[in-house]
Structure formats: C-alpha cells, structure tokens
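**Q** Number 85 in our numbering belongs to position 88 of the sequence shown; there are no gaps in the numbering.
Cβ atoms here follow ideal geometry from the backbone N, Cα and C, with glycine treated the same way.
Remember, it's a predicted structure, so these values are computed and weren't measured experimentally.
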Amino acid sequence: FDPELDGSVLALAFAHGTVYAGGQFSNVNTGTTHAAVANNLAGFDPRLGAWNFLGNADGGVLALGVDASSGLLYLGGFFFQVQGQARQFAAALDPANLLVPLFVPEISSEVQTLTAANGRVYLGGNFYGVNGQIRHGLAAVDGANGALLPFDGGLPDSSVVSALALENGNLRVGGKFTTVQGVSRLN
C-alpha cells in the first residue's frame, strides 16, 4: 500500500495509533482505482496500512501537534473552516477526530507552527493578535477553550515565528525577529 497524496505534506503528528498529515492536498490513495477526498488533513493507520481519517480544512494545514496529557490534536494553518465548521487559523480534534467545540481562538493571521503540552498550546506564525490582544508572531492559549494565556514572547512588530520546540518546560523559538523581550536575539 502506498499512502500517496496528490499534493504537499507540510506537517506530521502521531496520536491514537494514527499518523496525521497536514498540508496542501485534496486526495489520498486508497489502494483502489479511486482516490478518496481529504482536503489538507488526513490520518493513516500504519498497523492496518490504510487511511482511517479523511479530514476537511478549506486551506493549508501548516502545523500539527499533540498534547499527550489530553490526547488532543491541534492544527494550525491558513484555513477558515475545519470539518465544515468555522475555525480561523487554529483548531483542535479529540481522539474520535471530532472538533473540540470550545477551542476557537481568534487569531489575526496564519499559524505556521505550534507545540502543545499540559493543556497549553503555543502558536507561532505571521500574526499580530490573538483574542483581541497584541501578540506579534508568538502566543499561548488554553488547550481546552482557546483563551489567551498571560505568556507574551515580547517579540517586536512584524516578527514571524516559523519553528517552536518545547523542552523540559523551556520554549525554543525560531523565525524572523530581532529581539525577544527587549534582548537582542536574531532569529
């Protein structure tokens, strides 16, 4: 079986025995003569050698992350709907691949990267605000309800965060910026 997609895969995450793929694609190979529709989000069960989730995001999915404490899968990108429901630039799916109804953060522009742990989701991208508050390219939201958390990376205007990693409670940030909380830090 060849888990082929008809476009680009830009993010991968593993959760609930499934390898999730996000990107810019519209169909996946089902092993038959017919492709299955999966708009920018799909899940593959490597044990069965088959797709077990065919998602639907109306724009590209650039980032995927799993919070091991809750089992929730988070996605970020440049979409406005996921699974037919309004979700602007970020969304969350539960272990049954259903949208988490309360996770609806209001983000001003695309999310390019994210990481999640212990009920917290760190978002990075090309945005200037989250939930009506100024956050240049970096923010943290509550993983259950999308509420903005007090964390502020202190990045200057026009900053873009394109990589995040969480290590032992320390957040590592990569992207295009000149300072972090007033201290010179290039990229």
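(1) Is N167 close to the ligand GTP? I mean its beta-carbon at under 6 Å from any heavy atom of the ligand.
(2) What residues are listed by DSSP as bridge partners for F11?
(3) Can you say whether E107 is buried or exposed, counting buried as having 16 or more other CB atoms within 10 angstroms of its CB?
(4) Can you give me the C-alpha to C-alpha distance between A162 and G19, rounded to a whole angstrom?
(5) Assuming L146 and V177 make a contact with CB atoms under 8 Å, what is their CB distance in whole Å?
(6) Which of the three DSSP states, helix, strand or coil, is assigned to E164?
(7) Give the straight-line distance between the Cα atoms of N128 and N115, rounded to the nearest whole angstrom.
(8) Let's see if you can read the secondary structure: which residues bound the beta strand (DSSP E) around G121?
(9) Work out the CA separation of V25 and G121 for me, nearest whole Å.
**A** On the basis of the data shown:
(1) Although the ligand GTP was asked about, the structure shown includes no ligands whatsoever.
(2) Partner(s): V16.
(3) So E107 counts as buried.
(4) 18 Å
(5) Contact doesn't hold; Cβ gap of about 17 Å is too wide.
(6) strand
(7) 21 Å
(8) R117 to G122
(9) 28 Å
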